[in-house]
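In terms of our numbering, the sequence shown is residues 20 to 273.
For every residue, glycine included, the Cβ atom is placed at its ideal position computed from N, Cα and C.
The structure appears right after this line, and notes come after that.
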Amino acid sequence: MRILAVNDDGIESEGIRTLVRVLSQQHEVAVAAPDRQRSAASHSATYFLHDLHAEKRVFPGTSEAWAISGTPADCTYAALNGLCSGKFDLVISGINQGPNFGTDVFYSGTVAAAQEATILGKPAMAISLNDPAVHYEDAAYAAIELLERYLKDPDCCSYTLNVNVPDLPRSQWKGILAASLDGVREYGRPLLITDNPDGSKNLHCPDDKELAIRNPAFCGDVTKLKEGYLTLTALSLDLEDSGHQKTLESWYNR
Numbered sequence: 020m021r022i023l024a025v026n027d028d029g030i031e032s033e034g035i036r037t038l039v040r041v042l043s044q045q046h047e048v049a050v051a052a053p054d055r056q057r058s059a060a061s062h063s064a065t066y067f068l069h070d071l072h073a074e075k076r077v078f079p080g081t082s083e084a085w086a087i088s089g090t091p092a093d094c095t096y097a098a099l100n101g102l103c104s105g106k107f108d109l110v111i112s113g114i115n116q117g118p119n120f121g122t123d124v125f126y127s128g129t130v131a132a133a134q135e136a137t138i139l140g141k142p143a144m145a146i147s148l149n150d151p152a153v154h155y156e157d158a159a160y161a162a163i164e165l166l167e168r169y170l171k172d173p174d175c176c177s178y179t180l181n182v183n184v185p186d187l188p189r190s191q192w193k194g195i196l197a198a199s200l201d202g203v204r205e206y207g208r209p210l211l212i213t214d215n216p217d218g219s220k221n222l223h224c225p226d227d228k229e230l231a232i233r234n235p236a237f238c239g240d241v242t243k244l245k246e247g248y249l250t251l252t253a254l255s256l257d258l259e260d261s262g263h264q265k266t267l268e269s270w271y272n273r
């Protein structure tokens, strides 16, 4: 099988290096990753605004590897549209340093890199390791196990498989669960605002990852990951809310 590995932590990150080392034991792997840290880039795409720069890198375990000046979504787009030779059977984004669960998926460059592949018609997984992100190898072997099940699904090209792995040895996981996105996380932390002599201001957001969840799900991914479960969530590209759509239809569609 031929797999494209992408990420948002950058081509030198431990997560993608470990993922490739494990995948390459059984599969052919190529890499297209940002040339620097691009976490929380979401689905920003810049390839149509300006030229990107791609530099070939020596990367053990790969057939080819590219460090790209764009966003995670740019990297996937470039690799699937001519930068990398040949076709791919699967795209895997990660292994991310830290989880991508709940409403984090809207901010995540890791998830966006995988969803770009879904948009382009390729099966894609995003895999993230919970903080403090030590057990990368266990997460990589989980990817090996899951990709076989995922690719057997005849509908695998219609959704992105989002995987969050507990930062524990595999023997200590409580299990593997399909979990819903766990409500809306309360991001509204007050900024620390300080004045500069020139009249401008510095805006600092406190680094607090223990955010409360509004309307938590019955089997939510944030809760279950923290309990020690590996969580699986199918992310559709269809963001339409059918219930609220009916309200909109009632305004004019008569």
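Residue 164: member of the alpha helix (DSSP H) spanning 155-171, first to last residue.
The shortest CA-to-CA distance from residue 242 to any of 214, 262, 256 and 198 is the one to 198. Note on residue 95: 16 or more other CB atoms within 10 angstroms of its CB, so buried under the neighbour-count rule. Cα atoms of residue 56 and residue 65: separation of roughly 16 Å, rounded to the nearest angstrom.
Counting C-beta atoms within 10 angstroms of its own C-beta, residue 231 has fewer than 16 neighbours from the protein chains shown and is therefore classed as exposed.
With contacts defined as CB atoms closer than 8 Å, residue 97 and residue 68 fail to qualify as a contacting pair. In the three-state reduction of the DSSP assignment, residue 30 falls in the coil class. Residue nearest to residue 133 within the set 249, 116, 150 and 92 is 92 (criterion: CA-CA distance).
Non-local C-beta neighbours of residue 127 in its own chain, meaning closer than 6 Å and more than five positions away in sequence, comprise 119, ordered along the chain. In this structure, residue 30 lies away from residue 73, with their beta-carbon atoms at least 8 Å apart. Secondary structure of residue 132 (DSSP, three-state): helix. Look at residue 44 here: in three-state DSSP terms it is coil, with no helix or strand label. Using a Cβ-Cβ distance cut-off of 8 Å, the stretch 181-191 and the stretch 140-148 are in contact, since at least three pairs of beta carbons, one from each stretch, lie closer than that value. For the set 99, 54 and 75, the Cα lying nearest the Cα of residue 88 is the one of 54. In this structure, the CA atom of residue 204 is about 7 Å from the CA atom of residue 121.
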